[in-house]
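Input: a single structure, listed below in structure tokens.
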Amino acid sequence: MNEPLLTRLTWFQKQFPLEPSFRWKQIQTGLFHPNFTDWHQVLTIPFSVRNKLKEEIPWLSFVIQNMFVSKEKNTYKALFSLQDGFLIESVIMKNTRKQWTVCVSSQVGCAMRCTFCATGKMGLKRNLLSDEIVDQYRFWQIYLSSHISTSERISNVVFMGMGEPLANYESVREALHDLLAFTSLGSTRITVSTVGIIPRLEQILTDPKWPAVRLAISLHSADPITRKQIIPSSYDDFFKKLITWSKKYQEKIAHRRQHLTFEYILLRGINDDEHHAKALVKLIHLITNVRVNLIPYNITDPALKKTSKQQMDFFQNYLKEHGVQVTIRKSFGDEIQAACGQLVI
Ligand code: SF4
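Be aware that the sequence shown starts at 1, since it is given in the UniProt record's numbering, and climbs by one per residue.
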């Protein structure tokens, strides 16, 4: 069977109609237990039910093929083999505040072709099922408990791994619901990052089932020609649509204490000069309540170069001087090809 795990549990529920309703809560709680790796550890469930579950439903929807660990042991990258043989990567990082963030993949490959991104060069193979997304969280929580310390917990989940999350809207939405329902993560601890698929962004505004998690737009330039060069899938009138959408987002979602983030990878000689800083400031002043996350480029293509530290500081200071809230993201795991834009199989 290859259906999502929780869908399969619904099927299982039909097979055991006489089981008390609390049984399904026990099953879900067992699945998200940080130390459990097998149905037979869920002792709250009768032996016969555990046996049937073990026969029908694998504990995880993929098998680990390889694990890469950074020198400082603050970044781990796992290679997983899915049930149909496709491979995905998933990453966990420990920040300077000692919090663990999981970076999940939402697709096998990606169709968006961003020039700085190794995943984009693979093309799209298929969407992940919601359970294949949620199981990345479950895998890493078990890994932390068994390999690092039993008390370690995941603090944040970011949808910034392989794939464009909003191109797999339904499964991502289902995965978000599962993460919010079965883990202790609150909605401000989960961020979905997107290149900005406008119809899906519009859908979020009117979709009562879309949970109020944080959104990050991969902008990378506020200049239309440069953005199209970096993200070939970008719409011709992207900025007009983005400004209109952002204003609606601020009106509808701002009351839920959510802010928008613009992700901006700095590429030497492409988007890191004063002209680009000025264009970004102008855009943000039109939208307001946006934070900017500057990201150092992690080399995936020899044709693209990293912006120097000096130029990065200039860019950050220019934004700050013009009233923009801006941070530079610390890069994790580039020596194991686990940093932003480097995931590929
Ligand atoms: S950066 Fe994200 S959206 Fe762009 S190609 Fe890579 S995975 Fe796809």
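Beta carbons are placed, not taken as given, at the ideal position from N, Cα and C, and that holds for glycine.
Subject >> CB of R227 within 8 Å of CB of T188, strictly >> reply: As a working note, residue 227 is residue 227 in the sequence shown. As a working note, residue 188 is residue 188 in the sequence shown. For R227 and T188, no; Cβs fall outside 8 Å.
Original post:
Which same chain residues, not among the five before or five after residue 353, have their C-beta less than 7 Å away from its C-beta?
Top reply: Because the chain is modelled from 1 through 345, residue 353 falls outside the range shown and cannot be assessed.
Original post:
Nearest to S105 by alpha carbon, out of A78, Y297, K98?
Top reply: What you label residue 105 is simply residue 105 of the sequence shown in a count that begins at 1. Cα-wise, what sits closest to S105 is A78.
**OP:** Let me have the residue list for the ligand SF4: C-beta closer than 5 Å to any non-hydrogen atom, ordered along the chain.
**Re:** C110, M112, C114, C117, T119, G120, E164, V195
Original post:
Is there contact here, the stretch 194-204 with the stretch 162-172, by at least three beta-carbon pairs under 8 Å?
Top reply: yes
**OP:** Provide the residue span of the beta strand (DSSP E) that contains residue 350, from first to last.
**Re:** Since the first residue shown for the chain is 1 and the last is 345, residue 350 is missing from the structure and cannot be characterised.
**OP:** Reducing DSSP to helix, strand and coil, say where N127 ends up.
**Re:** Translated into positions along the sequence shown, residue 127 becomes position 127. Three-state result, N127: strand.
**OP:** Can you tell me which of A216, T327, Q141, I270 puts its alpha carbon nearest to the alpha carbon of T37?
**Re:** Translated into the one-based positions of the sequence shown, residue 37 becomes position 37. With distances taken between CA atoms, T37 lies nearest to Q141 out of A216, T327, Q141, I270.
Original post:
Helix or strand or just coil, what does DSSP make of P34?
Top reply: Against the sequence shown, residue 34 aligns to sequence position 34. Three-state result, P34: coil.
Subject >> Residues of its chain near Q311, where Cβ-Cβ distance is below 6 Å and the 5 sequence neighbours each way are ignored >> reply: By 1-based counting over the sequence shown, the position of residue 311 is 311. Answer for Q311: D272, listed in chain order.
**OP:** Please report how far the alpha carbon of T300 lies from the alpha carbon of F68, in whole angstroms.
**Re:** If you number the sequence shown from 1, residue 300 lands on position 300. If you number the sequence shown from 1, residue 68 lands on position 68. C-alpha separation (whole angstroms): 18 Å.
**OP:** Helix, strand or coil for Y264, going by three-state DSSP, please let me know.
**Re:** Taking the sequence shown and counting its residues from 1, the one referred to as residue 264 is at position 264. Secondary structure of Y264 (DSSP, three-state): strand.
Original post:
If you count every other CB in all the chains shown that lies within 10 Å of the CB of S184, and 16 or more means buried, which is it?
Top reply: Mapped onto the sequence shown, residue 184 falls at position 184. Exposed, by the Cβ-count rule.
Original post:
Roughly how many angstroms lie between the CA atoms of I92 and I154, to the nearest whole one?
Top reply: Sequence index remark: in the sequence shown, residue 92 carries index 92 (1-based). Sequence index remark: in the sequence shown, residue 154 carries index 154 (1-based). Distance between the alpha carbons of I92 and I154: 9 Å.
Original post:
Could you give the C-beta distance for K248 and L286, rounded to a whole number, given that I count them as a contact under 8 Å?
Top reply: Position 248 of the sequence shown, counted from the start, is the residue given in the question as residue 248. Position 286 of the sequence shown, counted from the start, is the residue given in the question as residue 286. Rounded, the Cβ-Cβ distance is 13 Å, inconsistent with contact.
Subject >> Sufficient close CB pairs (3 or more, under 8 Å) joining the stretch 167-182 to the stretch 239-247 >> reply: no
Original post:
In three-state DSSP terms, what is L60?
Top reply: In the sequence shown, the residue the question calls residue 60 occupies position 60. Coil.
**OP:** List the DSSP bridge partners of F68.
**Re:** Taking the sequence shown and counting its residues from 1, one reaches residue 68 at position 68. Bridge partners of F68: K77.
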